[in-house]
Amino acid sequence: PVAILAQASEKVVMDTGGEDTEGRQYDNPSTMWKQQLEEQGGESKWYAKAYDFWAKQEASVSGVLGGYSATNEPDLSESLQFLDLLGRIASPPTFGSVLDAGAGIGRITQGCLLKKFESVDLVESDARYVETAKKNLAGTGAANFFCAPIQAFSFAGRSYDVIWNQWVLLYLTDDHLVSYLQRCRSALRPNGVICVKENVVLKGNFVVDNDDNSITRTDGHYKEIFKQAGLQLILEKRQLRWPTDLFPVMMYALR
């Protein structure tokens, strides 16, 4: 397979249609959000299901990877490659400070970000994972640990060269995702970049997982959200070494 590595297209197409894991069909994301939030009793209940799901998982590499621990090495390796590419773009970011958003137990900080950046801040909603991350990263360049959901996270004047978001944006509603990305943009240092690494539907429609209240968006859906947040897509690449029975994974760089 050939990696996708290109400048963003000026034309953004919003894919329509989707389904959930209970077999219900939706005409478009707006219809899905309206129905899901009404049925579940609002946004707080939507997020609560995801929190409950992760509270039951082990605070380990296998736990945060859903039992697919064999994906750890290729994931980290290709994230490092993506950061290498990012360093070669026009007006590249400085690799000084990075925020690991949805950091879990610090797996990405430990295996990737600390190899590229001088210091790392971590934000994670599960207190148990935060405590595990503190133990795993003791004596390293991990600087600050914040226990907060990213949709409510306040940057409080802090700024970063890179904000790394991986396997966390799939839990946000579209409205909260746009708002969060706008706050990320305001927290970037000169030449700073927002990185997004998420499961993405490349052929077909979006999928809502009713077990953990996550949404696997299409490539077009993400790009429409990036556009709504006022961000420009400057680099994109597909994760190449990846199990064929899992959703594809895409990496995006935005500013």
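Residues in the sequence shown are numbered consecutively from 269, following our numbering.
Each residue gets a CB set at the ideal place from its N, CA and C atoms; glycine is no exception.
These numbers were taken from a predicted model, which means no experiment stands behind them.
(message) Once DSSP output is grouped into helix, strand and coil, what is the label at K465?
(response) DSSP places K465 in strand when its eight states are reduced to three.
(message) For A521, count the other beta carbons within 10 Å of its own beta carbon; 16 or more makes it buried, fewer makes it exposed. Which is it?
(response) Buried: at least 16 other Cβ atoms inside 10 Å.
(message) Tell me which residues share the same chain as Q308 and place their Cβ nearer than 6 Å to its Cβ, disregarding the 5 neighbours each side in the sequence.
(response) In chain order, W314 place their CB closer than 6 Å to the CB of Q308, counting only its own chain and leaving out the 5 sequence neighbours on each side.
(request) Mind checking who M518 pairs with in its DSSP beta bridge? (result) In DSSP, M518 forms a bridge with E466, R506.
(message) Classify T486: buried if its beta carbon has 16 or more other beta carbons within 10 angstroms, exposed otherwise.
(response) Burial call: buried.
(request) Would you identify the three-state DSSP class for Q325, choosing helix, strand or coil? (result) Reduced to three states, the DSSP call for Q325 is coil.
(request) Could you please give me the residues that DSSP links to S482 through a beta bridge? (result) DSSP, once it has assigned bridges, lists D477 as partnering S482.
(request) Inspect the beta-carbon positions of L381 and N412 and report whether they are closer than 9 Å. (result) No, the pair does not count as a contact, with Cβ atoms beyond the cut-off.
(message) Looking at F350: is its Cβ nearer than 9 Å to the Cβ of K505?
(response) For F350 and K505, yes; Cβs fall inside 9 Å.
(request) Since I believe W432 is in contact with A369 (beta carbons under 8 Å), could you give me their beta-carbon distance rounded to a whole number of angstroms? (result) The distance from the Cβ of A369 to that of W432 is about 7 Å, consistent with a contact at the 8 Å cut-off.
(message) Excluding the 5 residues flanking G460 on each side, which residues of the same chain have their C-beta closer than 7 Å to its C-beta?
(response) Excluding the 5 residues flanking it on each side, G460 has same chain C-beta neighbours closer than 7 Å at P361, Y428, D429, V430, R523, in chain order.
(request) Name the two residues that bound the continuous alpha helix (DSSP H) containing S347. (result) It spans 340-354 - the alpha helix (DSSP H) in which S347 sits, taken as one unbroken run.
(request) Take S393 and list the residues in its own chain whose beta-carbon comes closer than 6 Å to its own, dropping the five residues that flank it on each side. (result) Excluding sequence neighbours, S393 sits near P417.
(message) Rounded to the nearest angstrom, what separates V436 and G498 at their Cα positions?
(response) Cα-Cα distance, rounded: 20 Å.
(request) Report yes if the CB atom of Y327 is closer than 9 Å to the CB atom of I376, and no otherwise. (result) Note that residue 327 is Ala in the sequence shown here, rather than Tyr. At the C-beta level, A327 and I376 stay beyond 9 Å of one another.
(request) Please work out which residues of its chain come closer than 6 Å, Cβ to Cβ, to T284, disregarding the five sequence neighbours upstream and downstream, and give them in chain order. (result) Sequence-distant partners of T284 (beyond 5 residues in either direction) whose C-beta falls short of 6 Å from its own C-beta, in its chain, are N296.
(request) Measure from the alpha carbon of D479 to the alpha carbon of each residue in K324, Q303, N340, D442, then state which is nearest. (result) Looking at the Cα atoms, K324 is the closest of the given residues.
(request) Counting only the same chain and skipping the five closest in sequence on each side, list residues whose C-beta sits under 7 Å from that of L405. (result) Cβ neighbours of L405 beyond the five flanking positions: G374, T377, Q378.
(message) For F414 and V446, I'd like the C-alpha separation in whole angstroms.
(response) The straight-line gap from Cα to Cα measures roughly 21 Å.
(request) Return the first residue and the last residue of the alpha helix (DSSP H) that I376 is part of. (result) Looking at the DSSP string, the run of the alpha helix (DSSP H) that includes I376 is 375-379.
(request) Take E466 as the anchor and find which of S347, A401, I502, T299 has the nearest alpha-carbon. (result) Here the closest residue by C-alpha is S347.
(message) Using a Cβ-Cβ cutoff of less than 6 Å, which residues in the same chain neighbour L344 once the five nearest sequence positions on both sides are dropped?
(response) Around L344: G379, C380.
(message) Measuring only the C-alpha atoms, how far is Y294 from E306?
(response) Looking at the two C-alpha atoms, the distance is approximately 14 Å.
(request) Compute the distance between the beta-carbons of I483 and F494, then report whether it is under 9 Å. (result) 9 Å or more divides the Cβ of I483 from the Cβ of F494.
(request) Report the partner residues of G286 according to the DSSP bridge assignment. (result) DSSP, once it has assigned bridges, lists Y294, F474 as partnering G286.
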